[in-house]
Amino acid sequence: MVMEIRTGPEQLNAFEIAQRQFDEAVEHMTLKAGVVKMLRLPKRELTVNFPVRMDDGSVKMFTGYRVHHSTVRGPTKGGIRYHPAVTLDEVRALAMWMTWKCAVVNIPFGGAKGGVVVDPKGLSMRELENLTRRYATEISILMSPDGDIPAPDVGTNPQVMAWIMDTYSMHKGHSVPAVVTGKPIEIGGSQGRIEATGRGVIFCIEAAMKRLEMHAVYPNGLEGARVAVQGFGNVGSVTAYLAQDAGARVVAISDVRGGIYNPRGLNVRDVIRHREETGSVVNYPGAEGITNGELLTLDCDVLVPAALENQITAENAQYVRAKIIAEGANGPLTPTADAVFADRKILVIPDILCNAGGVTVSYFEWVQGLQYFFWQEAQINEQLRAIMNRSFEEVWQTAQQHKVNMRIGAYIRAVQRVHDATVIRGIYP
Ligand code: GLU
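Residue numbers (numbering that gives the first Met the number 0): 0 to 428.
The structure is reproduced here in structure tokens:
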């Protein structure tokens with residue numbers, strides 16, 4: 000089949016892409032029209048403009064968002080992003096994707112997302128704390144352990160979650176650990192949460208390699224497989240070192256400043272050390288410098304885009320040489336890229352399945368926080384493995400039955416669950 004040649008510029012608005020994916024899935028399903036209309040839109044959206052006192056004594060205004068897409072299957076869940084390019088439409092898309100993600104792995108949450116338009120690297124620790132505490136206060140009208148539970152995302156980390164938990168708890172007069180997940184272990188964080196997203200990505204890649212019968216070339220799972228990872232934040236770095244631990248050759252890694260390539264394989268923990276010392280993976284000795292764009296089209300078996308949205312598009316999809324694309328990031332492929340990969344028989348493990356390990360262990364953390372009863376890491380990782388493997392198989396089977404790609408397969412499963420819950424609850428009043 001010859002790909003349709005696009006003439007106009009590709010649509011890169013994340014929310015429009017999320018709606019388009021939803022619409023495509025709905026075409027394969029028999030659903031109540033009213034529920035479909037409801038699920039295309041976020042339930043509620045909050046925009047906050049708030050002041051932060053800077054180190055030089057001046058006051059700066061910042062804009063932040065918190066969007067709840069759906070509360071039908073439980074409290075809303077989703078991270079908070081600090082990034083200069085955050086927009087309301089991006090947060091809407093990310094919130095909607097959280098609804099489907101929680102439903103794909105069948106944990107009892109709806110979807111939410113938050114964001115602040117800020118480059119956190121440009122702030123001192125004190126400014127970051129001031130911004131976080133004020134933003135947390137602003138969104139506390141939506142946030143609660145049984146209503147909406149934030150977590151880390153791009154540009155935020157366990158320390159930021161600790162400040163959010165502390166701010167919320169100060170207002171309540173007692174500690175409320177379950178109001179946020181991805182916290183440091185010392186204050187009720189879960190074992191295995193830091194690694195959870197990357198670990199889930201690895202489980203998915205291993206399941207995909209089995210399904211594609213790649214054992215003919217790689218008989219022991221990831222052992223010997225060539226992996227390239229775009230993005231070296233929490234998801235990219237953990238995925239890279241767990242891949243290496245499983246015997247893979249991690250041939251390329253990149254961060255926002257650029258990438259490094261060594262066809263014999265990089266020592267990922269040493270790259271992490273280099274990044275800690277210099278602030279970036281670039282100039283790592285013993286590797287060739289490459290751009291982020293070049294990383295995506297390298298000769299490899301598994302490509303893990305673990306940075307931001309819209310990295311693989313109409314422009315570069317035809318040059319990708321991987322056999323499996325594992326979406327560590329949310330929304331790294333455009334719909335045109337999806338069509339190219341369906342055509343070229345490249346397997347895409349979609350974000351709402353592939354990176355769902357993070358929110359799955361967030362769910363474990365939330366349960367532990369509500370019960371003040373904490374689990375061992377082995378138990379966490381085992382339960383995560385069971386959920387990821389089961390979800391992968393369900394999505395694979397659904398995609399086969401409907402003759403669609405895995406993204407639409409994942410949507411079909413997720414949308415059906417949210418749809419059915421909505422029908423059973425009924426439309427109020
Ligand atoms: N930000 C992560 C995601 O996009 C984690 C969300 C959570 O743990 O609530 O899935």
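Don't be surprised by glycine CBs; every beta carbon is placed ideally from N, CA and C. For clarity, every value in this text was computed on a predicted model and none was experimentally measured.
- If you compare the alpha carbons of 265, 258, 233, 59 with that of residue 157, the shortest gap goes to 233.
- DSSP places residue 229 inside the beta strand (DSSP E), whose first and last residues are 225-229.
- Note on residue 118: under 16 other CB atoms within 10 angstroms of its CB, so exposed under the neighbour-count rule.
- When the Cα atoms are used, residue 398 and residue 153 turn out to be separated by approximately 30 Å.
- A contact is defined here as three or more CB-CB pairs under 8 Å, and the segment 137-144 meets this definition with respect to the segment 32-49.
- In this structure, residue 358 has its CB closer than 7 Å to one or more heavy atoms of the ligand GLU.
- DSSP, read as helix, strand or coil, puts residue 254 in strand.
- Closest in alpha carbon position to residue 335, among 310, 408, 325, is 310.
- For residue 93, the enclosing alpha helix (DSSP H) has its first and last residue at 87-103.
- Rounded to whole angstroms, the separation of the alpha carbons of residue 427 and residue 262 is 58 Å.
- Secondary structure of residue 79 (DSSP, three-state): strand.
- Residue 317 counts as exposed, since fewer than 16 other C-beta atoms from the protein chains shown sit within 10 angstroms of its C-beta.
- Put simply, the segment 205-219 does not touch the segment 249-260. Fewer than three CB pairs are less than 8 Å apart.
- Going by DSSP, residue 167 is part of the alpha helix (DSSP H) stretching over 157-171.
- By the criterion of a C-beta distance shorter than 6 Å, residue 85 is surrounded in its chain by 114, 116, once the five residues flanking it on both sides are discounted.
- Contact between residue 126 and residue 54 holds, since their C-beta atoms are separated by about 6 Å, short of 8 Å.
- With a cutoff of 7 Å, residue 151 counts as near the ligand GLU, since its C-beta is closer than that to a heavy atom of the ligand.
- If you look at residue 334, you'll find it isn't in any beta strand (DSSP E); it sits in the alpha helix (DSSP H) that goes 334-343.
- Rounded to whole angstroms, residue 347 and residue 392 show a C-alpha spacing of 14 Å.
- Boundaries of the beta strand (DSSP E) harbouring residue 48: 43-52, taken from the DSSP string.
- Where residue 64 is concerned, there is no enclosing alpha helix (DSSP H), although the beta strand (DSSP E) around it starts and stops at 58-67.
- In the DSSP annotation of this structure, the continuous segment of the beta strand (DSSP E) that includes residue 150 starts and ends at 147-151.
- Taking a 10 Å sphere around the C-beta of residue 103, we find 16 or more other C-beta atoms and assign the residue as buried.
- Here the alpha carbon of residue 128 sits roughly 7 Å from the alpha carbon of residue 162.
- Unbroken beta strand (DSSP E) runs of no fewer than 3 residues, entirely contained in the segment 254-334, are found at 257-260, 287-289, 301-304, 323-325, following chain order.
- Per the C-alpha coordinates, the member of 378, 406, 308 positioned closest to residue 337 is 406.
- The beta carbons of residue 357 and residue 166 sit no closer together than 8 Å.
- Residue 124 is classed as exposed because its beta carbon has fewer than 16 other beta carbons within 10 Å across all chains shown.
- C-alpha of residue 77 to C-alpha of residue 396: approximately 27 Å in a straight line.
- Residue pairing by DSSP places residue 348 opposite 325 in a beta bridge.
- With a contact defined as Cβ atoms closer than 8 Å, residue 304 and residue 229 qualify at about 5 Å.
- Across the structure, residue 42 and residue 83 are spaced so that their CA atoms are roughly 25 Å apart.
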